[in-house]
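Below is one structure, written out as structure tokens, with a few remarks after it.
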Amino acid sequence: MTIRAFRRATALLASAVTLTAVGGCGLISGSDEAAAPKPERSTLRIGVLPSVDVAPLYLARNEKLFSAAGLQVELIVVDDDSSAVQQLDSGTLDVAFASHVTLFRAVHSGKELQLQGEAYQAAENTMALVTLPDSDYDTPGEIQKPKIAVNHKDDLGTLTTESVLQTANVAKGNIKWTSMPFSDMVKALESKSVDAAWMVEPWITKAQRSNGARVLTDTARGYTLDFPMSGYAASKKFADANPKTLAAFRNVLAKAQELGTNRLAVQEVLTEYAEVDAQTAGLVSVGSYPVSINPVRLQRVADMMETSQLLTSRLDVQQLLPPATVS
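Reading the sequence shown from the start, the letters are residues -34 to -1, 1 to 293 in mature numbering (1 follows the signal peptide of the UniProt record, and there is no 0).
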């Protein structure tokens, strides 16, 4: 090859490299600037309870995180989480907040659900057995056939209470359950129709402030330490029809859960929806808000349900997760 030909080839190679570099920069820039897929629908109806678990949703709505993602979210307060899950079938709700126990029991009974995120994880005194000051029930093992109030039988309260009382040598079959709303539990304690009530926040703190209630035992201890309490789910039918909408919801939920790390912000927003004053809200115990779904963590709930015979066979939580990406 002549010197002239060599120089020409070198110039052409340099030109090709430059074009490739420019093209590469363009691709990277385009990827960074690509907008998120537009949701199939702009309105999302979410069934919630007035509990500490859902505080991040209210924080996100106040910070306009949902509207920034193209979603108009309606937070609809329901009587109980089982009702919320049932309303997914009728289309009254698009997403339901519920305890993981409620969700897994629904799936086990044949309901097709897709998990959209974890809501809440227990910490000290975020769920507990509560009694009143004049109660003679002083230690978990003191009454061998206790009458316990729960919001629903065979739900989170039953599962965690059985765990704690069995540790105190109370036989599972000896526990007598009474189902009632959290708001009715103090009256049941006053009338002595139950020996203790399983409560979550903010009802624990409300009972302490208004009635001098005391915690008989924390039910987030031992096998239920740091227990995954609740989450969000949609029907499989809705999820299949609206993958971009739910992907947008999950993205905002992750940001919302991060807002939940600010305990003061959580306690402050409780006054907007949980019927508590600022002083009561400031005393509420707050757990943690997972920013992503952890199937290993949730499998712990399903496996414990199987051991406790709330499920008759093993439930594979991995099968309930949404697709990793939406094209």
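Don't be surprised by glycine CBs; every beta carbon is placed ideally from N, CA and C.
Counted within 10 angstroms of its Cβ, other Cβ atoms place ALA4 as buried (16 or more) or exposed: Just to set this straight, residue 4 is Lys in the shown sequence, not Ala. An exposed status is given to LYS4, since fewer than 16 other beta-carbon atoms sit within 10 Å of its beta-carbon.
Closest by C-alpha distance to ARG216, when choosing among THR171, PHE193, PRO288 and GLN284: Comparing Cα positions, the closest option is PRO288.
Residue span of the beta strand (DSSP E) that contains VAL116, given as start and end: Judged by DSSP secondary structure, VAL116 falls within the beta strand (DSSP E) whose first and last residues are 113 to 116.
According to DSSP, residues forming a beta bridge with GLY13: Answer is ILE42 and ALA62, bridged to GLY13.
Distance, GLY226 Cα to VAL232 Cα: Roughly 6 Å between the two C-alpha positions.
Proximity to SER274 [Cα-Cα], best of LEU236, PRO22 and SER129: Considering only LEU236, PRO22 and SER129, the residue with the shortest C-alpha distance to SER274 is SER129.
Three-state class that DSSP yields for GLY83 in the structure shown: GLY83 sits in a strand when the DSSP states are folded into three classes.
Per DSSP, the bridge partner or partners of LEU95: Note: LEU95 sits in a beta bridge opposite TRP164 and THR183.
For THR246, the three-state DSSP class (helix, strand or coil): Here THR246 sits in helix by DSSP.
Proximal residues to SER258 (C-beta, below 7 Å), its chain only, five neighbours per side dropped: ALA220.
Helix, strand or coil at ALA199 [DSSP, three-state]: Strand at ALA199.
Range covered by the alpha helix (DSSP H) that runs through THR237: Where THR237 is concerned, the enclosing alpha helix (DSSP H) stretches over 229 to 239.
Candidates GLU224, ASP184 and GLN174, of which the one nearest LEU249 by Cα: Of the candidates GLU224, ASP184 and GLN174, the residue whose Cα lies closest to the Cα of LEU249 is GLN174.
SER75 versus ASP55 - alpha carbon distance: Spanning the alpha carbons of SER75 and ASP55 requires a straight line of approximately 14 Å.
DSSP state of GLY(-12) mapped onto helix, strand, coil: Any answer about GLY(-12) is weak, because its pLDDT of 38 lies below 50 and its placement is not dependable; what the coordinates show is given next. Helix, per DSSP.
Local conformation of PRO194 per DSSP, three classes: Three-state DSSP puts PRO194 in a strand.
Run of the beta strand (DSSP E) containing LYS142, from where it starts to where it stops: Unbroken beta strand (DSSP E) run through LYS142: 142 to 145.
Inter-residue Cα distance where the pair is ARG266 and SER48: The straight-line gap from Cα to Cα measures roughly 21 Å.
Spatially closest choice to VAL18 from THR183, VAL235, LEU264 and ARG11, by CA coordinates: Of the candidates THR183, VAL235, LEU264 and ARG11, the one whose C-alpha sits nearest the C-alpha of VAL18 is VAL235.
C-beta contact flag for ALA89 and GLY253 at 9 Å: Result yes, Cβ atoms of ALA89 and GLY253 sit closer than 9 Å.
CA-to-CA distance, THR124 to VAL67, given in whole angstroms: The straight-line gap from Cα to Cα measures roughly 10 Å.
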